[in-house]
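Number of protein chains: 2
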Amino acid sequence: MNTLIRIVGTLIILNGLLSGAASAEDGYDLWLRYQPLPDTEREILTHNATALITPENPSATTQVAINEMQRAFHGFTGNHLPITSEITQGTILIGTPDSSTAIARLALPFGSIGKEGFLLRSMEINGFKTTVIAANTDLGLLYGTFEFLRQVQTKQDLSLLDIISAPDIQLRVLNHWDNLDRSVERGYAGQSIWDWWRLPTVTEPRYQDYARANASLGINGTVLNNVNAQPEVLLPRYIAKTAALADIFRPYGIRVFLSVRFSSPIEIGGLDTADPLNPEVQQWWKDKADEIYRHIPDFGGFLVKANSEGQPGPQDYDRTHVDGANMLAAALEPHDGTVMWRAFVYSEHNPVDRAKQAYDQFKPLDGDFADNVLVQVKNGAIDFQPREPFHPMFGTMPNTPLMMEFQITQEYLGFSTHLVYLGALYEEVLKADTYVQGKGSTVARVIDGSLHGYKQTGIAGVANIGVDRDWSGSIFNQADWYAFGRLAWNPDLDARDIAEEWLKMTFSTDPEFVQTAADMMMRSREAVVDYMTPLGLAHLMDTGHHYGPGPWVSELARPEWNPVYYHRADSEGIGFDRTPTGSNAVEQYAEPLAQHFSDLDTIDDKDLLWFHHLPWDYQMKSGKTLWNELVSRYDRGIEEVESMQAIWESLRPYVDQQRFERTADLLEVQLEEANWWRNASITYFQNVNGLELPEGIEAPPYSLEHYKSLSFPYAPGI
Amino acid sequence: MNTLIRIVGTLIILNGLLSGAASAEDGYDLWLRYQPLPDTEREILTHNATALITPENPSATTQVAINEMQRAFHGFTGNHLPITSEITQGTILIGTPDSSTAIARLALPFGSIGKEGFLLRSMEINGFKTTVIAANTDLGLLYGTFEFLRQVQTKQDLSLLDIISAPDIQLRVLNHWDNLDRSVERGYAGQSIWDWWRLPTVTEPRYQDYARANASLGINGTVLNNVNAQPEVLLPRYIAKTAALADIFRPYGIRVFLSVRFSSPIEIGGLDTADPLNPEVQQWWKDKADEIYRHIPDFGGFLVKANSEGQPGPQDYDRTHVDGANMLAAALEPHDGTVMWRAFVYSEHNPVDRAKQAYDQFKPLDGDFADNVLVQVKNGAIDFQPREPFHPMFGTMPNTPLMMEFQITQEYLGFSTHLVYLGALYEEVLKADTYVQGKGSTVARVIDGSLHGYKQTGIAGVANIGVDRDWSGSIFNQADWYAFGRLAWNPDLDARDIAEEWLKMTFSTDPEFVQTAADMMMRSREAVVDYMTPLGLAHLMDTGHHYGPGPWVSELARPEWNPVYYHRADSEGIGFDRTPTGSNAVEQYAEPLAQHFSDLDTIDDKDLLWFHHLPWDYQMKSGKTLWNELVSRYDRGIEEVESMQAIWESLRPYVDQQRFERTADLLEVQLEEANWWRNASITYFQNVNGLELPEGIEAPPYSLEHYKSLSFPYAPGI
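From first to last, the protein sequence lines stand for chains A and B.
Just so you know, my numbering puts 602 at position 602 of the first sequence, and the rest follows in order with no gaps.
To convert a position in the second sequence, counted from 1, into my numbering, add 1000.
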């Protein structure tokens, strides 16, 4: 045994040296690192995994599960996990009742796990201690296999496994805002991983690793292209490219979807209209769907951004969202395809508070959409801000399945350079109570369908994935992808538990490390709120790139693109009055929530200026004036980033050099930019309100003109 | 020993498994793979490299050399190469006369190797067999170290080393056409490796590996940004980013240069002119140069594209190229900086043959440029075509140092998807005889300065480097980077020798493999000429992307952007008459070359239609009509690609799966596209000349309208 250990030790060193420093711990392997285990754990694993019993003629999906198990075992131990046909001590038995008589013989609660769930159990069979991974489908087996590996990676007791798990939400998809030229809108981790130019003939090993990573989380769909869709994606040569990706993803249970441009019948179909009630248009979409399904039999369907931010849509022909969505749904219906129709709509011609417009447009349509349509709603009513109250549509469309759209990438959140654990944001939204059917009517229960009995359910995350070697622009950004996937499977999980799990798999299972780093992650989201948009402020980002501060911006063509529209600061006060004395957006929430938001005595500070316009000298619960509180929040944001730096520094002993230094460098950038946000914002607001800084507060070093003069023409992701 | 072998064997397998399939042989390590050697060779190396004697206080550059030696030794053998102070059997002694008394004591011809050369010798010292790596500078040591490692990698006899080498050309630089938004003009290997957004705080391990790869070839400069330069690159914050890269590259002997936009004084300087004779403008550039050198003391200088394809320049103010270049030269001169002024100029307002315009503009300026100006000339008079005669400027400006601009990336050459070994193209150009001082006045002798006694010499390659994991978009494209670097060091090398050397380092030293693969590489360049632009044709590529065929294009605003301008095909004949009866471009070449090109009896088929307009029934040396010959060349191109496919298939036993399949897939794309070129071109020319296809020749499958209808709005690199 000692020889083996020494070999494995040597091997790790050599592994780094041989492959060059860059591939040592460069983040490519994500949370599937399968690094050699320390002695004790390796012995436990070896004891509990002596051999694998698999179905006789494994499907492609089962083969993927077997491969992953063997790859991981080899990584953990340096040894090969043999495949056997006989149960002995420590055998892992994997199969469905159909594919494995051994599994069929066991009395397991298959009825409770549906099509995608699995059972993972330590069982005694014929007197031998075994581990059973069982499911009704091969995809369930794959999910169960990844769960088993997660148990190993997070050091659970492998002899006492008893997990029964099935996803709460049916469609768990990533949305890639990837363009066909390989740029990524709001992407901050390099170009699109889809090399459209070389597909379908040339494919990348990365496509497989993408599928592995997503399958490990239970993600079962991916929308390959930007919601601001290019019509060419529906040309035959792009369908062939999409089909090549679908072929790679299929064994991993991942179906491909495409974003489509509503006017495609004109642009690539040669028609002179895209009117959804026009029979030729309807036929064109039916034919196109038929063509796609000839090449991709399990194609998922279409995601549509229509009549939103300049995109074409049914309203161009005086038709409704229902008309548009149902036409596409009819084309997909024979193939079991789905339409995901986005509710992210607002108009510069509509003087109503932007936060109210989507609700106003969609609520009247409740119940009119075809059965295979889901309406996809962003978590908040504006646009992926560091903090927004949950979108008022959630809970108010009982007859239309609403799916959640979360952002995993970091538009408005400092791009991929800022460490902001979005798991905390997702959790806040999912656990928010809509009260539409009384207490406990959480957003999670809306989207998992349990509140209204939706027949279809879904959740989407706008991906933070690019060709950067670490996929997401930083190691810690991988946690947001991970958290999205875990919450998509089970929206009731705790963000902190997910963070700990991810930390163990990504860095170290040392409890000191895990607790400290999880603290840092959980605090990170509040930090960004404080240094960017404290106290319920929102959308203060500079034009175009949505990166640095631009609270002064007021000249953009559409009023609701200007930060001044949102903060409404003047010499008297600040905030957006959404109570009945203002836009009355509160009325879109159920009681007692509307009242809670409206009432200055009950509303939380975190939502204050989202719902209220208040004088600068308004007395906060803290006893400070609003102005002094605002300034102190900015300073708290800075202090938190400084604290994150110190925490990270304390974790140096637990982290390899490459990932440690990368993260430390990024935190340095984050601190610089948090200061920039703080200083520019305070300078601007002082300029508006003419107030002095509270005593002892450091004055910003530059004039407002300086901050206004900064421009970033080459910012990524635009 | 056997145990070690088994460990190393295990290790290689594990290395792949642990790091994931993607990093196994994914091309990241380029020609610096340092893979474990087979027994015999490992023993030879171990025998000849028992320990390393280094200078006592190694400089950063010497430390880089030591690190590389140790890293390589570890890769080759799995063992650590110790550092010692005493000469014993098999010691490697590395040092300069200044840094090492042991080296100083040896009687070595230091006078002959200049500042960058090195000596690499097997010597007996004190009765011990040793290897000496000696140079006058630390950079020479680094180059000598890489040469030693190349000797190991190519299996030379390590006990009989006797190499003395110094570069023939002083400035050996890469030109990155990389924009500040990370797009790369004419880049087909992913985004720019420079992550401008995150610099200077965040740097990539890749920057170091880039420097290693270049230093291994002797490349000593890099122009970081596109010749179509963005003025912001000279803003303080970009100078800081550039400085961060310069700091990383410095130990590797690589100086950074920037492309500058001539109108920068207006755009970022606030002046209202960029007139080079304006004192304020001159002062602005002086101040800017001073500012740069404060941050980058060894900054290389500026590369300038002026009055070319819409770029601003001195002619906007009725000044000359000399006025512009010398103004910048004056700003750089106090700091020993250099101006590289591009001669790639032509004008849509000039009715003269585009191929003549650069010569016409620059020749009269010979001798007027400041001493620290080099004029950078593309290898041909048009623009990086699959084949062009060498640029007539070479040889005709004895008082102005001309530097060569080669293309390493593959605009006009099928992008990175086509296997085209450009070493063959470089060699053809460098060995071309200008005859300006009689026979033997090769282009190589122009640019290495020996023909005219240039005091400064230089060569530039437009990089094919991007963030693709394999750097260059394919493994075989790495050979072009490699060949450029080797020829920049010694322009007299044979392209085939370079190919063999590269193959040994990149794949296998097996002679069967090396010979067969080198054959394939050498034939690949003629193949692309045949299927794209045979018989001296040029610039037949479709608009914008310059990828697929577009011989029919005639409607672009500038006449010389249209393929019809170049081929001049009509019902009677085809080709560009550049003899005295036509544009008389031949007169720009010295005799007897002008006569050679003019005379149909002497001119080679490969240059025929570059210089002559001939009837379709012109009788070729082959006995065929011109039309039939043209068609047969297209077919030969196809056959050659088919042959490359067959050759590659035969090499499967020598190549790891990942690199084998990637290359095979790319060859499949290349064959498809070669056919597309052949069919579209023949269809078009038939449409023009109304001629039948020769007997037995396969008719193109589609109509001209089909080929014209193809459009590629999302092609990379534009």
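Glycine residues also receive a C-beta, built at the ideal position from the N, C-alpha and C atoms.
It is roughly 15 Å from the alpha-carbon of D1577/B to the alpha-carbon of P1351/B. Cα atoms of S59/A and S216/A: separation of roughly 18 Å, rounded to the nearest angstrom. Within 7 Å of the CB of G1190/B, the CB atoms of chain A belong to Q191 and V467, in sequence order along the chain. Residues of the stretch 1701-1718 of chain B with a C-beta less than 8 Å from any C-beta of chain A: P1713, Y1714, A1715 and P1716, listed in chain order. With a cut-off of 8 Å on Cβ pairs, the stretch 590-610 of chain A is not in contact with the stretch 494-506 of chain A, counting fewer than three such pairs.
Within the stretch 1647-1659 of chain B, the residues whose Cβ lies closer than 8 Å to some Cβ of chain A are Q1658, listed in chain order. Among the CB atoms of chain A, one or more fall inside 7 Å of the CB of W1197/B. With its beta carbon less than 7 Å from one in chain A, D1181/B belongs to the interface.
Around the beta carbon of R121/A, a 10 Å sphere encloses 16 or more other beta carbons of the protein chains shown; the residue is thus reported as buried. In chain order, E348 place their CB closer than 6 Å to the CB of R558/A, counting only its own chain and leaving out the 5 sequence neighbours on each side.
Chain-ordered listing is empty here: chain B has no CB closer than 9 Å to the CB of E673/A, the nearest sitting near 10 Å.
The continuous alpha helix (DSSP H) containing R1525/B extends over residues P1511 to M1532. For R1121/B, the three-state secondary structure derived from DSSP is strand.
Straight-line spacing of the CA atoms in W194/A and E1086/B works out to 56 Å. In this chain, the beta strand (DSSP E) harbouring N1175/B covers L1171 to N1175.
Contact between G1027/B and D1494/B fails: their C-beta atoms lie close to 25 Å from each other, not under 8 Å.
In terms of Cβ geometry, H452/A and P386/A do not form a close pair [threshold 7 Å]. In the DSSP annotation of this structure, R1636/B is not part of any beta strand (DSSP E); the continuous alpha helix (DSSP H) holding it starts and ends at L1626 to S1650. Counting the other CB atoms within 10 Å of its CB gives A1646/B a total below 16, which places it among the exposed residues. Per DSSP, the continuous beta strand (DSSP E) segment holding R342/A begins and ends at T338 to R342. Nearest CB-CB separation between D665/A and chain B: below the 7 Å threshold. By the neighbour-count criterion, in which a residue is buried when 16 or more other Cβ atoms sit within 10 angstroms of its Cβ, T1396/B is buried.
Taking C-beta separations shorter than 7 Å and ignoring five residues to either side along the sequence, the partners of I292/A in its chain run I239 and F299, following chain order. Of the candidates S632/A, W677/A and E673/A, the residue whose Cα lies closest to the Cα of G696/A is S632/A. In this structure, Y426/A lies away from W31/A, with their beta-carbon atoms at least 7 Å apart. Look at L1614/B here: in three-state DSSP terms it is strand. No Cβ of chain B is located within less than 7 Å of the beta carbon of V64/A. When 7 Å is used as the limit between beta carbons, E668/A is near these residues of chain B: T1201, in chain order. For Q1478/B, the closest alpha carbon among the candidates T1409/B, A1424/B, Q1151/B and E1388/B is that of T1409/B. A Cβ-Cβ contact shorter than 7 Å links D168/A with N490/A. Beta-bridge partners of G1458/B (DSSP): L1171/B. For T1417/B, the chain A residues whose C-beta falls within less than 7 Å of its own C-beta are R198, listed in chain order. When the beta-carbon positions are compared, L1174/B and G1575/B stay at least 7 Å from each other. Assignment of Q1230/B by DSSP, reduced to helix, strand and coil, places it in the coil class.
The alpha carbon of A166/A has as its nearest neighbour, out of Q156/A, W177/A, G637/A and G144/A, the alpha carbon of G144/A.
Across the set Y252/A, W285/A and I254/A, the C-alpha of W285/A shows the shortest separation from the C-alpha of E267/A.
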